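Novice: Under this note's numbering, the final residue of the sequence shown carries the number 1285; numbering is consecutive throughout. Where a beta carbon is used, it is the ideal one built from N, C-alpha and C, also for glycine. Since the structure is predicted, the reported quantities are computational estimates derived from the model, not experimental observations.
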Amino acid sequence: MLGLYIHIPFCKSKCSYCDFVSYAGCGELADDYLKALQKEASFYKKIPFPQTVYIGGGTPSFLSCTQIKQLLDFVNRTYGGNFKEFTFECNPESITGEKLKILKSGGVKRISIGLQSFKDEELKLIGRVHNAEQFLKAYIAARKYFDNINIDLIAALPQQTKDSFLESLNKVITLKPEHISVYGLQVEENTPLYKSGYAYDDGFYVDLLEIAYQTLTAAGFKQYEISNYALAGFESLHNINYWQSGQYIGLGAAAGGFVNGERYGNLNGIKEYISAVRQGRRPLEFKETLTGKAKTGEEIMLAFRYLKGFKPTAEMLKFFENDFDELLKKELIEKDGNILKLSAKGKYFANEVFCKFVEPFK
Ligand code: SF4
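#1: Looking at Gln1167 and Tyr1106, is the spacing between their C-beta atoms short of 8 Å?
#2: When you measure from the CB of Thr975 to every non-hydrogen atom of ligand 1, does any distance come out below 7 Å?
#3: For a test of the three-state rule: what should DSSP assign to Arg1000, helix, strand or coil?
#4: Measure the alpha-carbon distance for Leu1265 versus Leu1240 and round it to whole angstroms.
#5: If you follow the beta strand (DSSP E) that Gln1082 is part of, which residue opens it and which one closes it?
#6: Is the beta carbon of Leu1255 closer than 8 Å to that of Gly1232?
#7: Roughly how many whole angstroms lie between the Cα atoms of Lys1258 and Ile1223?
#8: Got a sec? Which residues, its chain only, sit under 6 Å from Ile931 by beta carbon, not counting five neighbours each side?
#9: For Cys938 and Val1052, what's the separation of their Cα atoms in angstroms?
#10: Does the beta-carbon of Ser1119, which I'm using as the reference point, lie nearer than 7 Å to any heavy atom of ligand 1?
#11: Gln1082 and Glu1045 - do their beta-carbons sit closer together than 8 Å?
#12: Measure from the alpha carbon of Ala1178 to the alpha carbon of each residue in Ala1135, Tyr1171, Asn1189, then state which is nearest.
#13: Taking the runs of the beta strand (DSSP E) that are 3 residues or longer, which of them lie wholly in the stretch 1207-1268?
#14: DSSP three-state call for Lys1285: helix, strand or coil?
#15: So, helix, strand or coil for Tyr927, using DSSP?
#16: Apply the 10 Å Cβ neighbour rule to Arg1000 and answer buried if 16 or more other Cβ atoms are within range, or exposed otherwise.
#17: Measuring only the C-alpha atoms, how far is Phe1284 from Ala1217?
#18: So, do the stretch 1114-1129 and the stretch 1141-1151 have three or more beta carbon pairs nearer to each other than 8 Å?
#19: Please report the straight-line C-alpha distance between Asp1070 and Glu1221, rounded to a whole angstrom.
#20: State yes or no: is the C-beta of Ile1197 within less than 8 Å of the C-beta of Tyr946?
#21: Taking all protein chains shown into account, do 16 or more other C-beta atoms lie within 10 angstroms of the C-beta of Pro1235, making it buried, or fewer, making it exposed?
#22: Which residues does DSSP list as the beta-bridge partners of Lys1145?
#23: Just to confirm, does Thr1214 get its C-beta within under 7 Å of one of the non-hydrogen atoms of ligand 1?
#24: I believe Gly1037 touches Asn1014 by the beta-carbon criterion, under 8 Å. Please report the beta-carbon distance rounded to the nearest angstrom.
#25: To the nearest angstrom, report how far apart Phe1243 and Ser1040 are at their CA atoms.
#26: Nearest to Asp954 by CA position, among Lys968, Asp1130, Cys988, is which residue?
#27: Could you tell me if Glu1249 is buried or exposed, where buried requires 16 or more neighbouring beta carbons within 10 angstroms of its beta carbon?
#28: Unbroken alpha helix (DSSP H) runs of length 4 or more, entirely within the stretch 985-1034: which are they?
#29: Considering only residues of the same chain and omitting the five flanking positions on each side of Lys1022, which have a CB-CB separation below 7 Å?
#30: Using a Cβ-Cβ cutoff of less than 6 Å, which residues in the same chain neighbour Glu963 once the five nearest sequence positions on both sides are dropped?
#31: Buried or exposed, going by whether 16 or more other CB atoms sit within 10 Å of the CB of Tyr1271?
#32: Please find out if some non-hydrogen atom of ligand 1 comes closer than 7 Å to the beta-carbon of Thr989.
#33: Measure from the alpha carbon of Gly1156 to the alpha carbon of each residue in Ala1176, Asn1274, Pro1100, then state which is nearest.
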């Protein structure tokens, strides 16, 4: 399968934990950015049409109605429209009824809303610019148009307790979304949150993720990836393609792609990205073609994320049989017939598993 990812790097303001490539106060560059996206797409003309599209950020809903319409027109015109799945990320402060209408008529099939917490105090502490009430309004508005909605939550936020996390989870469940993502907070260096000295205890983190697993499973959601839960039939096809090492085109600043065996990443800066594309160059930060052990290791790392597991190929066993044995002994992975998958413990210590397969090749 082939996917298309488009990165929209604009945000109203920068959240204190954020190390994604996103910029506040750069909205005046959006028109030029959208033009650059179209030009960048022309560099990948010979590649077949994607079946899934994911417009993420940043905050795609930060764009104006006219800009969203232009973006969707470009995607449909260039890639044939009528995609199996077409996701658009929104933040509560910038969704409007009019934007939702444009998204619906532009072929978007799935909306992903960044809530993160239902507690206003917790939202404030991480610099989110919306509150729970704004989220609720946005969700109700989105429901009028979309029957496939994801809500994002974060575990281990400053001042979050097991009770407050459970309360957020239960409130989200009451809204009956089709998909819920629960990310464990990563305190990344160089973020204001890191500089504030915030840290959490591993035990607390694991407890929260276990609460998410128990609560969401009891509510009928299936965990199909470390951070992702869905009702039957609502797993994200776009993300599954990543975990199956499928191909995808990435457009935009900081977007990554994997096409014809080449993995690439684009420049992070908006102006640098626009300028490279205007000069007729692919706006690359890097490109590489993985082969042999590095390629196989990356495939394993991705395949472990998809919790149903995978049957190791001869190539995987040739390079990594000892690592599989070691992880089996540590009970971080398990065998189900000839399928290997993360164990219940491995889901919480997935990085320990992943670094076996990708670390030596960085
Ligand atoms: S809204 Fe998302 S991308 Fe934008 S600053 Fe906050 S966390 Fe980062």
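Specialist: If we stick to the structure as given:
#1: Stepping through the sequence shown from its first residue, residue 1106 is reached at position 183. Stepping through the sequence shown from its first residue, residue 1167 is reached at position 244. In this structure, the beta-carbon distance from Tyr1106 to Gln1167 does not fall below 8 Å.
#2: As a working mapping, residue 975 is identified with position 52 in the sequence shown. Remark: the C-beta of Thr975 is outside contact range of ligand 1, defined as less than 7 Å to any heavy atom.
#3: On the sequence shown, position 77 is the one that residue 1000 refers to. Here Arg1000 sits in helix by DSSP.
#4: Residue numbering aside, residue 1265 sits at position 342 when the sequence shown is read from its first letter. Residue numbering aside, residue 1240 sits at position 317 when the sequence shown is read from its first letter. Those two C-alpha atoms are separated by around 17 Å.
#5: Position 159 of the sequence shown, counted from the first residue, corresponds to residue 1082. First-last for Gln1082: undefined, no H or E at that position.
#6: Locating residue 1232 in the sequence shown gives position 309, where the first residue counts as 1. Locating residue 1255 in the sequence shown gives position 332, where the first residue counts as 1. Cβ atoms of Gly1232 and Leu1255: not closer than 8 Å.
#7: Here residue 1258 refers to the residue found at position 335 of the sequence shown. Here residue 1223 refers to the residue found at position 300 of the sequence shown. When rounded, the distance between both Cα atoms is 15 Å.
#8: Translated into the one-based positions of the sequence shown, residue 931 becomes position 8. Excluding residues within five positions, the ones whose Cβ falls inside 6 Å are Gly980, Gly981, Pro983.
#9: Locating residue 938 in the sequence shown gives position 15, counting from the first residue. Locating residue 1052 in the sequence shown gives position 129, counting from the first residue. The C-alpha of Cys938 lies about 8 Å from the C-alpha of Val1052.
#10: The residue you call residue 1119 lines up with position 196 of the sequence shown. Not so, every heavy atom of ligand 1 lies at least 7 Å from the Cβ.
#11: In the sequence shown, residue 1045 corresponds to position 122, counting from 1. In the sequence shown, residue 1082 corresponds to position 159, counting from 1. Cβ atoms of Glu1045 and Gln1082: closer than 8 Å.
#12: Within the sequence shown, the letter at position 255 stands for residue 1178. Checking every option, the nearest Cα to that of Ala1178 belongs to Asn1189.
#13: Note on the stretch 1207-1268: whole beta strand (DSSP E) runs with a minimum of 3 residues are 1207-1212, 1256-1259, 1262-1265, in chain order.
#14: Against the sequence shown, residue 1285 aligns to sequence position 362. Below a pLDDT of 50, predicted positions are generally treated as unreliable, and Lys1285, at 38, falls in that range; no measurement from the model is reported.
#15: Residue numbering aside, residue 927 sits at position 4 when the sequence shown is read from its first letter. Correcting the residue type first, residue 927 is Leu in the shown sequence and not Tyr. In the structure shown, Leu927 sits in a strand (DSSP, three-state: E or B).
#16: Counted from its first residue, the sequence shown places residue 1000 at position 77. The residue is exposed, with fewer than 16 neighbouring Cβ atoms inside 10 Å.
#17: Residue numbering aside, residue 1284 sits at position 361 when the sequence shown is read from its first letter. Residue numbering aside, residue 1217 sits at position 294 when the sequence shown is read from its first letter. At Phe1284, the pLDDT of 42 sits below 50, so the modelled position is not reliable and the matter cannot be decided from this model.
#18: Segments in contact, no.
#19: The count along the sequence shown starts at 1 and reaches residue 1070 at position 147. The count along the sequence shown starts at 1 and reaches residue 1221 at position 298. When rounded, the distance between both Cα atoms is 34 Å.
#20: Against the sequence shown, residue 1197 aligns to sequence position 274. Against the sequence shown, residue 946 aligns to sequence position 23. One thing to note: Ile1197 has its Cβ no nearer than 8 Å to the Cβ of Tyr946.
#21: Position 312 of the sequence shown, counted from the first residue, corresponds to residue 1235. Pro1235 is buried by the Cβ-count criterion.
#22: Residue 1145 sits at position 222 when you count from the first residue of the sequence shown. DSSP lists Ala1153 as partners of Lys1145.
#23: Mapped onto the sequence shown, residue 1214 falls at position 291. No - ligand 1 has no heavy atom lying nearer than 7 Å to the Cβ of Thr1214.
#24: The residue you call residue 1037 lines up with position 114 of the sequence shown. The residue you call residue 1014 lines up with position 91 of the sequence shown. With 8 Å as the limit, Gly1037 and Asn1014 qualify as a contact, their Cβ atoms being about 5 Å apart.
#25: The sequence position of residue 1243 within the sequence shown is 320, counting from 1. The sequence position of residue 1040 within the sequence shown is 117, counting from 1. Taking the straight line joining both Cα atoms gives about 40 Å.
#26: Counting from 1 along the sequence shown, the entry for residue 954 is found at position 31. Distances from the CA of Asp954 to each of Lys968, Asp1130, Cys988 were compared; the closest alpha carbon is that of Cys988.
#27: Position 326 of the sequence shown, counting from 1, holds the residue named residue 1249. Burial call: exposed.
#28: As far as the stretch 985-1034 is concerned, its whole alpha helix (DSSP H) runs of at least 4 residues are 988-1002, 1020-1028.
#29: Within the sequence shown, the letter at position 99 stands for residue 1022. Taken in chain order, the residues that qualify are Ser984, Cys988, Ile991.
#30: As a working mapping, residue 963 is identified with position 40 in the sequence shown. Within the same chain, Glu963 has close Cβ partners Leu1174, Val1200.
#31: Working through the sequence shown from its first residue, we reach residue 1271 at position 348. Taking every protein chain shown into account, the CB of Tyr1271 has 16 or more other CB atoms within 10 angstroms, so this residue is buried.
#32: Within the sequence shown, numbered from 1, the residue matching residue 989 stands at position 66. No, the beta carbon of Thr989 sits no closer than 7 Å to any heavy atom of ligand 1.
#33: Your numbering for residue 1156 matches position 233 in the sequence shown. Among Ala1176, Asn1274, Pro1100, the Cα nearest to that of Gly1156 is on Pro1100.
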